[in-house]
Structures are given as structure tokens and as C-alpha cells.
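Written out below as C-alpha cells is the structure these notes cover.
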Amino acid sequence: MLRQLLPALLTALPAFSASAADWQQRSIYQLVTDRFATTNGSYPSCDTEDRVYCGGTWQGVIRQLDYIQNMGFDAIWISPIVANLEGSTGDGESYHGYWTVDQNSLNSHFGNESDLLELSSQLHSRGMYLMLDVVVNHMAADTLPPDYVLFAPFNAESDFHTFCWITNYNNQTNVEQCWLGDDNVPLADCDTESDYVIDFFYKWIGDLVANYSADGLRIDTVKHVRSDFWPGFAEAAGVFTIGEVLDGDVDYVSTYTEVLDAVLDYPTYYQLFYAFESTSGSLSNLVSWVQQSQSTYKNGEFMTGSFLENQDNPRFQSVQTDQALVSNAISWPFIQDGIPILYYGQEQGYTGSNDPYNREALWLSGYVEDKPLVKLVRTLNAARKAAIAASSDYLSTVLTFPSVTSSTLAVYKQPMLALLTNGGSSSTPSWSVSSTDYSNGEELINVLTCDTLTAGSNGAVSVTGSEGMPQILLPTSVFNVTYCNELLSTY
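Throughout the sequence shown, residue numbering follows mature numbering (1 follows the signal peptide of the UniProt record, and there is no 0), covering -20 to -1, 1 to 471 in sequence.
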């Protein structure tokens, strides 16, 4: 029954205006195109250490859309689509898509134009969104100085900032106008002060979105381009924009919330990772960072992408495999103010550390759906959607923390109460929340187990957990017991 129910719920979502408000209702599955699925469904070997193309394609993504949608995701974020540096370098091949050489051509390793158009069409027929990843800051070479004539459309040295490596991240001019990369693959920094470069990118992004009916953009290396470039870029795109500002400082990241719709919430990510990577992690620091972001970002944490893993950072299970801690950490993006993003392979328990080890081939997992973390993610998505459907104010309700101890955390966002702990699988956590908006005697359900309990006076909730696992509570009027049991018993 659930296989039929989830697609029906997704296709009932609003039409594809792709506004920031529409994206708030979504949850995003991020995938590395080359490592997600092959066109013919084969399972070729793929050693991450080799840093080579392994054969994933856009047609492969189409083949596995059921897998993504069955987990409750209604948007996907794919790797950059344009033509990349060819051949092997001292840093491997450009299978990840971030080494652009031709902004006007597609990466043929992933497929052709008709393949990408079909992926977009297939997503939209399912009520799902397509997020494209774009790189504006730089283009890639395999020599220093680059052979500029090999680039398109910027094929002259004057189209780029004068070469210098970034050496001082406290100097914003150095960050914006010097180069990323290394001697093997120098990343020539586009001169985004040039009218020619600006005009190209503004027209290019509008055409890219229109040509492939993209619903949103993830923008790479945002802090390496001057801030006042971005409003015009976003306006030209005409769809939701979320920028990567890889920094843990809330005040620094907040400046980019003024120029794009949203940012990837790196400051909270670092504190989330630290909070659950061990039983001595600080939950209070996580709370403090969230509260600071809520008061500092232009739209609080509502317009952020919340994540635990991505292609640039080590997988959580490379440092911690206690499944109680893992489950608590994975739950966070689905219960907070922003848009949840899950990095492919997280649901399969992948353990790769830093790049390139965190870019494993998903086909090596067999796309097995009857696994604890797959079921956890499916249930978290379903609970979030139920909360959104139950309360017109849910997406504008600010997350609060009615209880914080050294090892437990209560996270409240009416009508959802999430009870988290970093005590680990050997712990027996307990939570006591003295007041909520639940009515006295209202029946609540832990959506992760389908057990029920009753709220007390002033909506008080007292719970004793088991084996350090989180509890996600909703009124049974919002998430009924029958649906809960069907959800957990599927597969």
C-alpha cells in the first residue's frame, strides 16, 4: 500500500512555480551522478581511491527514481551538468562535475541533452523537483598557467583574475579573486567584475533553467565571488537558489542570506556533527548555534539547507558507527526549520571519509530498501510531511528547545516534538518537557516505533527511551497508528 501512497502524496503538491516557499515543503536527495546508477542497471566495480569515472548517468538516475521516491523525497540535486576537463590529472578525473571547461556543452559522460530532458520530465511527472548544481567561480585546467584557448566561452587570460593562490581566508579580496585548486588542477578564477563575464553568466543561467525546466539551483563556491554579483544572477535564474558558503561562522554566512534565497547551513552542520559524533558531544553548542542563526540569518533558519553529509565532507559513519548516535544525527535535518538534504549512500550506511572516499558507487549497495536507515529516512520524511499538512504555520514556526541536558535534547515545532540523545546505544535516555501546545490527555505517537503515550497537564510529556534511540512524536490525529504500522512494515 505504501508504494502507491507516497507517489500519490507527492503528486498532490503545488505546481512547479519553484519559489522559495515551495522548496520549503520539499526534502532533497543529493546524488553524485557518476556514482548513483548506470544506464543499463549494471554494477561495475568502482574504487573511490582511483578518482575515475565509474559509469553513472542521467538515464541511470531515471532507472532508480522509484528508489528515491519510495523514501519520500520530492526533489533531487544532481552533479554539475556541463562539460568538464577530460583525461587523467594528478588529482584524478573530473567524474564529480566541478572542473568546468565549457559552460555551453553538456558532460557527455552523464548523457546527452535528450537524457537530461527526459530526467527533468520524469521528475515532474512524479511531482518532483530538479535541482541543478552550477559552478560560476572558476574553470579547470591541467597546466599552470592554463591553456586558456581550451575554455569556452572565456578563452582569454583577460577573462580571469590574475593568478594567485588563496592564502588568507580572512582577506575577502584574496578569497574572491585568487584561485582555488592546486598545481595538478588549477581552477582559473573567472573575472566576475567584467561586464562580458557578468552578461554571459546572467543569460547563461536563465537559458540553462529554461532549457531543462530546472526548479532550483545549488550554487558552488559562493563566497569566492563578490556578494553583489549574486542578486542579478538569482533574478536571471528565476528559480530558487541555495548557495554553498563553506564556513562555520554564523555572522559570515549570514551576509549571503541577503543575496540568495538560501544557504547550506554549514555553521549548524559542524555543531550537529560534533554533538553526535561521540557521547561527550555538546548538545548545548548545537542549540546555541541554531539560536544564533535564527536571529542572524535574513529569514532565520527557514531558508537553509540542513544536512549531515555531502560530497565535500566526511560521512558521519566514518567517525561513528553506533547506530543510536547515527539515527539521532540523521533525524536532525528532518525536524528543524530548514529544508532537509540527504546525501546519497547515507541511508545505506556508507562510511567513506574525506574526498574521494565519500563518493562511493551506490549500486554496490544493491539499492536495498529493507534496511534500518532506509526505513528511518522514509519515516522521517513522512512525519515531516504530515506535520506540514496538519499545520499551516508549521513552516513558519520557529524551532524551540524546551529541554536541554548534557545528553538529551527536546526539539519542539508544533505539532512535532523530537526527543534526541547522544547517550549512545547503551543508554536509557529520559526526557521531561513541562509544557507544549498539546492538550491534556492528547494521544501522541512515536513515529519511529508506533508506540503511543498521552500528554499531561499543560501538554507535558515525559518519556523514557530505549537503547539511545530518538523519538519523534506527533498527535495520532496527525499520524495515525495504522499508517505508522504500514510505514514500518513495508519491505
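Here a beta-carbon is modelled for each residue, glycine too, at the ideal position from N, C-alpha and C.
Between M396 and I310, the C-beta gap is not smaller than 8 Å, which leaves the two residues out of contact. The Cβ neighbour count for K393, taken over all protein chains shown within 10 Å, is at least 16; the residue is labelled buried. Its Cα nearest to that of E173, the residue D208 stands out among L379, D208, A132. The segment 290 to 305 and the segment 334 to 343 touch, with no fewer than 3 CB-CB distances between them shorter than 8 Å. Going by DSSP, Y9 is part of the beta strand (DSSP E) stretching over 8 to 10.
Sequence-distant Cβ neighbours of S262 in its own chain, meaning closer than 7 Å and more than five residues away, are Y254, A255. Counted as a single uninterrupted DSSP element, the beta strand (DSSP E) harbouring P320 occupies residues 319 to 323. For the 8 Å CB-CB criterion, V378 and D417 do not form a contact. For Q4, the closest C-alpha among the options W411, K365, T429 is that of K365.
Per DSSP, L379 lies in no alpha helix (DSSP H) and is assigned neither H nor E. About 17 Å separates the beta carbons of A242 and G212, which is beyond the 8 Å limit, so they are not a contact pair. Judged by DSSP in its simplified three-state form, E289 adopts coil rather than helix or strand. Sequence-distant partners of W312 (beyond 5 residues in either direction) whose C-beta falls short of 6 Å from its own C-beta, in its chain, are L252.
In the three-state scheme derived from DSSP, where H, G and I count as helix and E and B as strand, A341 is classed as coil. Between A362 and G52, the CB-CB gap stays under 8 Å. Within 10 angstroms of the beta-carbon of D302 lie 16 or more other beta-carbons, which makes it buried. Within the segment 409 to 452, the runs of beta strand (DSSP E) that reach at least 3 residues and sit entirely inside it are, in chain order, 410 to 413, 423 to 426, 431 to 434, 441 to 444.
For R198, the enclosing beta strand (DSSP E) covers residues 196 to 199.
Using a Cβ distance threshold of 8 Å, N84 and A120 do not count as a contacting pair. Residue burial annotation: A217 is buried, with at least 16 other C-beta atoms found within 10 angstroms of its C-beta. Beta-carbon to beta-carbon, N420 and S437 are separated by about 5 Å, close enough to satisfy the 8 Å threshold.
Counted as a single uninterrupted DSSP element, the alpha helix (DSSP H) harbouring E93 occupies residues 93 to 105. Within a 10 Å sphere around the beta-carbon of T248 sit 16 or more other beta-carbons, which makes this residue buried. Collapsing the DSSP output to three states places F213 in a helix. Per DSSP, L468 has no beta bridge partner at all.
For the pair I8 and L197, the Cα-to-Cα distance works out to about 12 Å.
In the three-state DSSP reduction, K278 falls in the strand class (E or B). Boundaries of the beta strand (DSSP E) around S85: 80 to 86.
DSSP places V114 in the uninterrupted beta strand (DSSP E) bounded by 109 to 114. Under DSSP, Y176 shares a beta bridge with no residue. Excluding residues up to 5 positions away in sequence, V116, F213 lie with their Cβ nearer than 7 Å to the Cβ of F181 in the same chain.
Of K355, S442, Y192, the smallest CA-CA separation from L428 is found for K355. Rounded to whole angstroms, the gap between the alpha carbons of Y330 and A136 is 43 Å. Here the alpha carbons of L112 and S415 stand approximately 43 Å from one another. For V189, the secondary structure class from DSSP, reduced to helix, strand or coil, is helix.
Boundaries of the alpha helix (DSSP H) harbouring D14: 13 to 16, taken from the DSSP string.
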